[in-house]
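Oh and the sequence shown: position 13 is 13 in UniProt numbering, straight run, nothing missing.
Glycine is no exception: its CB is placed at the ideal position from the N, C-alpha and C atoms.
Worksheet for the structure shown next.
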Amino acid sequence: MKKVSEYGICPFATTQKVLTGKWGLVIIYQLSTGTKRFNELQRLIPGITQTMLTRHLRQLEEDRIISRTIYAEVPPRVEYSLTEMGEKFRSVLDAVEAWGLEYIETLA
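Put into structure tokens, the structure is as follows:
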């Protein structure tokens with residue numbers, strides 16, 4: 001578990017550190033619509049490699065934005081979902097989506 005000192009006290013820097021990387025926001029967005037399995041996430045996110053998805057899922061789990069549930073089945077089933085802190089990020093996603101749509105319209 002990361003300590004507060006690793007992030008500092010600036011809320012913007014903390015948010016940026018948690019969301020570092022090309023895929024973090026996209027993964028959080030996909031999980032905001034419900035629990036997903038690894039292969040489902042990979043299908044929903046065009047261009048992401050298995051390695052990058054694994055890396056980002058591990059980082060987001062370490063940052064306590066998502067949780068991973070492993071079911072004792074054969075074959076094993078693993079599901080990813082947003083934690084309570086990840087759920088609180090939905091309003092930010094809505095704002096980012098609205099801004100992105102508006103920006104796209106200005107480019108047309």
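Proximity of Gln31 and Gly100 at Cβ, strictly below 8 angstroms: In the sequence as presented, Gln is not what sits at residue 31; that position holds Leu. Contact: no.
Segment contact, 8 angstroms Cβ cut-off, at least three pairs: the region 91-105 with the region 50-61: Output reads no: the region 50-61 does not touch the region 91-105.
Nonlocal neighbours in the same chain, by C-beta distance under 7 angstroms from Ile70, ignoring five residues either side: Hits under 7 angstroms: Pro76 and Val78.
Three-state class that DSSP yields for Lys36 in the structure shown: In the three-state DSSP reduction, Lys36 falls in the strand class (E or B).
CB-CB length for Tyr80 against Leu107, believed under 8 angstroms: Going by Cβ atoms, the distance from Tyr80 to Leu107 rounds to 33 angstroms, so no, they are not a contact pair.
Reduced DSSP category for Ile104 - H, G, I as helix; E, B as strand; rest coil: Three-state DSSP puts Ile104 in a helix.
Backbone CA spacing between Arg90 and Ser67 [nearest angstrom]: Roughly 16 angstroms separates the two Cα atoms.
Simplified DSSP assignment, three categories, for Thr69: Strand, per DSSP.
Status (buried if at least 16 other CB within 10 Å, exposed otherwise) for Lys93: What sits at residue 93 in the sequence shown is Leu, not Lys. Exposed is the call here.
Inter-residue spacing [alpha-carbon to alpha-carbon] between Val96 and Ala72: Cα to Cα, the separation comes out at about 37 angstroms.
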